[in-house]
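Just so we're aligned, residue 0 is where the sequence shown starts under numbering that gives the first Met the number 0, counting upward by one.
Every residue, glycine too, gets a C-beta built ideally from N, C-alpha and C.
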Amino acid sequence: MSVRFAAAVPATSDYPTLCEACRAAEEAGFHAYARPDHLLAEGTLAPPGSPLLECFTTIATLIPTTTRLRFLQTVACNSFRHPGLLAKMVATLDVISNGRMELGIGAGWLREEYDAYGYEFPPAAVRLEQLREALEVVKLLWSGEPVDYAGTHYRLRGAVAAPRPLQRPGPPILVGGGGPGLLAIAAAAADVVNIVPPTSGGAADLEAVRRFTLASFQGKAARVRQLAERAGRDPASLVLSAMFFVQLAESDGEARELTGTVASRYGLSVADAERFPLTLIGTPAQLRERLAERIARLDLGYVVLQFSSPTILTRFGAEVLPAVRGG
Numbered sequence: 000m001s002v003r004f005a006a007a008v009p010a011t012s013d014y015p016t017l018c019e020a021c022r023a024a025e026e027a028g029f030h031a032y033a034r035p036d037h038l039l040a041e042g043t044l045a046p047p048g049s050p051l052l053e054c055f056t057t058i059a060t061l062i063p064t065t066t067r068l069r070f071l072q073t074v075a076c077n078s079f080r081h082p083g084l085l086a087k088m089v090a091t092l093d094v095i096s097n098g099r100m101e102l103g104i105g106a107g108w109l110r111e112e113y114d115a116y117g118y119e120f121p122p123a124a125v126r127l128e129q130l131r132e133a134l135e136v137v138k139l140l141w142s143g144e145p146v147d148y149a150g151t152h153y154r155l156r157g158a159v160a161a162p163r164p165l166q167r168p169g170p171p172i173l174v175g176g177g178g179p180g181l182l183a184i185a186a187a188a189a190d191v192v193n194i195v196p197p198t199s200g201g202a203a204d205l206e207a208v209r210r211f212t213l214a215s216f217q218g219k220a221a222r223v224r225q226l227a228e229r230a231g232r233d234p235a236s237l238v239l240s241a242m243f244f245v246q247l248a249e250s251d252g253e254a255r256e257l258t259g260t261v262a263s264r265y266g267l268s269v270a271d272a273e274r275f276p277l278t279l280i281g282t283p284a285q286l287r288e289r290l291a292e293r294i295a296r297l298d299l300g301y302v303v304l305q306f307s308s309p310t311i312l313t314r315f316g317a318e319v320l321p322a323v324r325g326g
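Okay, here's the thing in structure tokens:
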């Protein structure tokens with residue numbers, strides 16, 4: 000199975016840096032550029048109040064800086080946009096980009112954003128049901144036919160999304176999350192499932208992060224494929240995805256220093272940071288080995304790599320990616 004690789008730099012990067020990152024990602028041969036969807040920088044673990052460009056309007060302006068690179072959200076918060084509007088937005092961007100859009104979406108989790116911007120923050124079960132309906136609405140609208148839809152949370156009458164996306168039946172859909180309800184939705188409706196540590200109570204849960212291991216990921220992966228089979232689809236058709244935070248070092252000593260920095264930033268012990276399955280810290284040779292090992296152990300088909308800068312992205316693209324990608 001071929002593996003797709005998406006690149007990202009910090010969400011709070013300024014616009015020229017984002018343009019540089021996209022050009023570097025395309026030159027290095029990445030499949031896509033990934034952009035998070037948050038209204039507050041706190042959702043990205045950046046300092047409170049850090050400038051943060053909105054996801055979809057930023058993607059719209061990044062598209063013309065490239066010719067082959069695809070664009071993904073990691074992940075769009077379903078609560079922020081009515082699914083009818085979201086379907087229209089992504090279809091529009093797919094046309095503008097000549098078929099280079101992907102839709103990454105989740106149920107939403109950071110209560111602080113909801114409260115700050117006046118969105119209702121319903122219980123998790125309700126947000127999951129809203130996501131399930133939203134995916135139905137998006138797929139129906141991408142069919143190009145008039146849509147009548149009467150759900151518990153969304154209603155449409157004679158809605159048409161024209162023009163349709165260039166990709167048929169629509170852009171690939173990635174669903175991101177880690178809870179059992181989310182995995183069930185992904186199993187039934189997603190092309191890709193991006194498995195992450197669970198959140199709890201509307202905030203990041205560092206204890207859940209500390210407990211998240213390779214075995215945790217593998218357990219969730221096995222569960223989502225069981226659910227896919229129950230939903231009547233071939234489990235192998237559901238692509239598994241993970242996001243890795245990459246720190247590229249010049250030496251073993253620098254790798255140890257970077258591990259300590261990462262541990263401090265995310266409130267982890269050094270031992271936790273070393274064990275955490277979604278961090279990759281080391282020299283190019285170490286990263287080639289470790290990333291290949293993670294892909295094999297977790298059976299990944301889509302890897303999102305978070306870099307600290309376009310410079311590190313470029314180095315990784317030259318010194319690590321070709322060996323892992325096989326070209």
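Secondary structure of tyrosine 32 (DSSP, three-state): strand. Counting other Cβ atoms within 10 Å of its Cβ, valine 191 reaches 16 or more and is therefore classed as buried.
Closest in C-alpha terms to alanine 186, from the list Arg224, Gln217, Gly176, Asp36, comes Arg224.
In the DSSP annotation of this structure, threonine 278 is not part of any alpha helix (DSSP H); the continuous beta strand (DSSP E) holding it starts and ends at 278-281. Contact annotation: glutamine 305 and valine 245 have beta-carbon atoms nearer than 8 angstroms. The continuous stretches of beta strand (DSSP E) do not include aspartate 114, which lies in the alpha helix (DSSP H) extending over residues 110-116. In this structure, the CA atom of leucine 213 is about 12 angstroms from the CA atom of glutamate 273. The three-state reading of DSSP puts phenylalanine 211 in coil, since its state is none of H, G, I, E or B. The alpha-carbon of threonine 65 is positioned some 14 angstroms away from that of threonine 57. Distance from the Cα of alanine 31 is smallest, within the candidate group Pro50, Ala20, Leu39, for Ala20. Between glycine 177 and lysine 219 a beta carbon distance of about 6 angstroms is seen, short of the 8 angstroms cut, so the two are scored as contacting. Per DSSP, the beta-bridge partners of arginine 154 are Ala149. Counting the other CB atoms within 10 Å of its CB gives serine 96 a total of 16 or more, which places it among the buried residues. Of Ser1, Thr16, Glu111, Thr310, the smallest CA-CA separation from alanine 203 is found for Glu111.
In the three-state DSSP reduction, valine 174 falls in the strand class (E or B). DSSP places valine 94 in the uninterrupted alpha helix (DSSP H) bounded by 82-95. Boundaries of the alpha helix (DSSP H) around leucine 140: 123-141. As computed with DSSP, arginine 3 is found in a beta bridge with Tyr301. Distance from glycine 300 to valine 2 at the Cβ level is roughly 6 angstroms; contact confirmed, criterion being Cβ atoms closer than 8 angstroms. Under the Cβ criterion (8 angstroms, minimum of three pairs), the segment 228-237 does not count as touching the segment 282-298. Residue pairing by DSSP puts glutamine 246 in a beta bridge opposite Ile280. In the three-state DSSP reduction, glycine 201 falls in the coil class, being neither helix nor strand.
DSSP places arginine 314 inside the alpha helix (DSSP H), whose first and last residues are 309-318. Aspartate 13 sits exposed, since fewer than 16 C-beta atoms from the chains shown fall within 10 Å of its C-beta. The beta carbon of glycine 150 sits closer than 6 angstroms to the beta carbons of Glu132 from its chain, once the five residues preceding and following it are set aside; these are given in chain order.
Rounded to the nearest angstrom, the gap between the Cα atoms of arginine 314 and valine 303 is 16 angstroms.
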